[in-house]
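From first to last, the protein sequence lines stand for chains V and G.
Each residue of the first sequence is one higher than the last, beginning at 1 in my numbering.
Each residue of the second sequence is one higher than the last, beginning at 1 in my numbering.
No residue lacks a Cβ here, since even glycine has one placed at the ideal position from N, Cα and C.
Only one structure is covered here, and it is reproduced in the block below.
There are 2 protein chains.
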Amino acid sequence: MASKTQMQEQLKDLKENLLKMSTLVEERLRDAIQSLIKRDSQLAQRVIDRDAEIDRFDDFIDDLCLRLLRSGETKESYLRFVTMAMKIVTDLERMGDHAVNIAKRAISLNEIPEVKPYIDLPRMAEVAQSMVKDMIDAFIKSDALLARSVWERDDLVDSLNDQIFRGLITDTVRNPSTSQRAIHLVIVSRYLERIADHATNIAEDIIFGSSWK
Amino acid sequence: MASKTQMQEQLKDLKENLLKMSTLVEERLRDAIQSLIKRDSQLAQRVIDRDAEIDRFDDFIDDLCLRLLRSGETKESYLRFVTMAMKIVTDLERMGDHAVNIAKRAISLNEIPEVKPYIDLPRMAEVAQSMVKDMIDAFIKSDALLARSVWERDDLVDSLNDQIFRGLITDTVRNPSTSQRAIHLVIVSRYLERIADHATNIAEDIIFGSSWK
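If you want it as structure tokens, here you go:
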């Protein structure tokens with residue numbers, strides 16, 4: 001069985017890696033949205049090309065957690081922390097996939113004419129990004145208040161999503177030639193909504209689950 | 001430490017409960033879609049009212065898994081199975097939430113005039129349902145081939161989703177008064193896509209993850 005110091009070291013390592021992985025996801029999300037706003041397909045391609053980095057973190061942290069579970073420590077708060085970390089890693093990996101999906105749509109959008117500047121979409125991306133960041137902090141610090149604020153932000157994301165959708169429907173009715181653009185943008189806002197959803201689900205687990213401190 | 005027989009019993013219990021939970025999710029999904037097709041808001045309301053049952057399974061199976069992890073068994077295949085079960089339960093719970101969301105939209109849709117019968121949506125729901133079922137079977141039997149067939153079906157769901165979306169955009173351009181209906185239906189197909197997504201993600205874990213047999 002691992003010594004207490006060894007286990008504390010491994011837990012610290014786990015937290016640090018979770019932070020690194022979530023920072024990577026935030027960065028990819030920011031780059032994906034920037035590639036759309038600035039019509040920069042090269043940046044979008046970089047987001048796509050670098051997805052494997054996030055996937056490697058997923059495998060690495062999963063293995064780290066399994067190692068922690070094999071230490072033989074059976075304290076419930078400890079097991080809850082490690083198993084929840086495994087769930088979070090799955091969510092982060094999926095968020096990374098959504099950032100890649102946004103980058104792919106950005107490339108398609110950059111090939112068709114711009115209609116008007118994006119307003120709600122960058123706002124929505126900003127909120128989603130803040131949710132990812134705060135969700136990880138809430139988990140690591142076991143901060144239910146912060147988790148609640150993540151959870152509350154989901155309504156804002158949903159209403160921005162609805163707003164974007166209605167705006168695009170109106171645009172398409174007025175000018176059917178923009179329907180291709182509308183389809184891509186609705187899908188982008190859907191990916192943002194899903195990223196926010198992942199953060200919200202974890203936040204719920206933090207609020208309603210047992211504490212691990 | 002639990003005896004080998006006790007652990008085998010607990011693992012059997014875990015598998016049975018996972019099957020029960022996934023059957024419940026499939027049922028809710030079927031009822032939610034039926035409530036839409038048959039314009040039966042009472043059925044939709046029942047789906048909403050019974051969400052707590054799925055949530056209880058989530059807590060119950062999570063506790064069961066934690067108990068298994070506390071047995072002190074450190075064999076890697078065993079730990080992988082139990083931790084993956086915990087991830088699957090989270091996915092099932094979210095799928096249940098999406099069924100509830102579909103039921104809520106069905107109630108709103110049942111209050112506005114029907115435009116034409118649904119064709120692609122029931123088809124999409126059927127595929128999503130089959131994915132949930134087969135994903136659980138693939139996990140329990142550690143059947144990578146079945147997992148692959150789940151994974152492949154995701155493309156069909158995505159193309160049905162795109163088809164529905166394009167159809168609704170065309171309808172709305174032709175007849176702007178149907179835009180409210182279109183918004184609800186796009187959101188319903190989005191929830192179906194997310195359910196399929198959860199199944200696909202788990203299928204990927206089964207295909208690419210280490211086996212636990």
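Would you mind sorting Asn201/V into buried or exposed? The rule is 16 or more other CB atoms within 10 Å of its CB. buried
Answer yes or no: does any C-beta atom of chain V fall closer than 7 Å to that of Lys213/G? Model confidence at Lys213/G stands at a pLDDT of 48, short of 50, so the residue's coordinates are unreliable and nothing is read from them.
State yes or no: is the beta carbon of Ile95/V nearer than 7 Å to at least one beta carbon in chain G? The sequence given here has Met at residue 95/V, not Ile. No, Met95/V does not count as interfacial toward chain G.
Can we say the segment 141-153 of chain V touches the segment 161-169 of chain V, given the rule of at least three CB pairs closer than 8 Å? no
If the cut is a Cβ gap below 8 Å, which residues of chain G does Arg190/V touch? Arg190
For Thr74/G, which three-state DSSP category applies? coil
Please classify Ile37/V as buried or exposed, where buried requires at least 16 other C-beta atoms within 10 Å of its C-beta. Exposed.
Just tell me which of Ala85/G, Asp197/G, Tyr78/G and Asp171/G has its CA closest to the CA of Arg153/G. Minimum Cα distance to Arg153/G is reached at Asp197/G.
Can you list, in chain order, the residues of the segment 63-75 of chain G whose Cβ is nearer than 9 Å to any Cβ on chain V? Correct list: Cys65, Leu66, Leu69, Arg70, Ser71, Gly72, Thr74 and Lys75.
Looking at the structure shown, is Val188/V part of a helix, part of a strand, or coil, going by DSSP? helix
Does the separation of the CB atoms of Ser3/G and Ile107/G fall below 7 Å? no
Within 7 Å, strictly: CB atoms of Lys87/G and Lys15/V: no
So, with DSSP's three-state summary, where would you put Glu114/G? coil
With DSSP as the reference, label Ile119/G as helix, strand or coil. In the structure shown, Ile119/G sits in coil (DSSP, three-state: anything other than H, G, I, E or B).
Decide if the segment 122-140 of chain V is in contact with the segment 43-51 of chain V; the criterion is three or more beta carbon pairs, one per stretch, under 8 Å apart. Not touching, per the Cβ criterion.
Any heavy atom of the ligand ADP closer than 6 Å to the beta-carbon of Ala196/V? For the ligand ADP, the structure offers nothing, since it holds no ligand at all.
Leu121/V: which of Asp137/V, Glu26/V, Ala52/V and Ile102/V sits nearest, CA to CA? Ile102/V
For the candidate residues Val82/V, Tyr78/V, Glu73/V and Gly72/V, whose alpha-carbon lies nearest to that of Asp63/V? Checking every option, the nearest Cα to that of Asp63/V belongs to Val82/V.
Buried or exposed by the 16-neighbour rule on C-beta atoms within 10 Å, applied to Asp205/V: buried
Unbroken alpha helix (DSSP H) runs of length 4 or more, entirely within the segment 83-164 of chain G: which are they? 120-140
Please compile the residues from chain V whose C-beta is within a distance smaller than 8 Å of the C-beta of Met21/G. The contacting residues do not exist; Met21/G stays about 16 Å from chain V at best.
Please tell me whether Pro176/V has its Cβ less than 7 Å away from any Cβ of chain G. yes
For the putative contact between Ile221/G and Ala85/G, defined by C-beta atoms under 8 Å, what is the C-beta separation to the nearest angstrom? Given a span of 1 to 213 for chain G in the structure shown, any question on residue 221/G remains unanswerable.
Does chain V have any CB closer than 7 Å to the CB of Thr200/G? So, not an interface residue.
Would you give the residue range spanned by the alpha helix (DSSP H) that Asp175/G belongs to? Checking the sequence, you will find Asn at residue 175/G rather than Asp. First-last for Asn175/G: undefined, no H or E at that position.
Host alpha helix (DSSP H) of Ala46/V (start-end): Residue identity differs from the one stated: residue 46/V is Arg in this sequence, not Ala. Element bounds for Arg46/V: Ser41 to Asp49.
Measuring straight from C-alpha to C-alpha, what distance separates Ile183/V and Glu114/V? 14 Å
Specify the secondary structure class of Ser22/V as computed by DSSP and reduced to three states. helix
Please list, in chain order, all residues of the same chain as Asp137/G whose beta carbon is under 8 Å from its beta carbon, the five residues on each side excluded. Asp143 and Leu146
Would you call the segment 66-78 of chain V and the segment 16-28 of chain V in contact, with 3 or more CB pairs under 8 Å? no
Should Leu208/G go down as buried or exposed, given a rule of 16 or more other Cβ atoms within 10 Å for buried? Per the sequence presented here, residue 208/G reads as Phe, with Leu not at that position. Classification for Phe208/G: exposed.
By alpha-carbon positions, which one of Thr170/V, Ile54/V and Trp151/V ends up nearest to Leu92/V? Ile54/V
Nearest chain V C-beta to Ser159/G closer than 7 Å, yes or no? no
Taking all protein chains shown into account, do 16 or more other C-beta atoms lie within 10 angstroms of the C-beta of Ala94/G, making it buried, or fewer, making it exposed? Sequence inspection shows Arg at residue 94/G; the Ala mentioned does not correspond to that position. Buried, by the Cβ-count rule.
By the criterion of Cβ-Cβ separation under 7 Å, what are the contact partners of Arg153/V in chain G? Those do not exist, as Arg153/V stays about 18 Å from chain G at its closest Cβ, beyond 7 Å.
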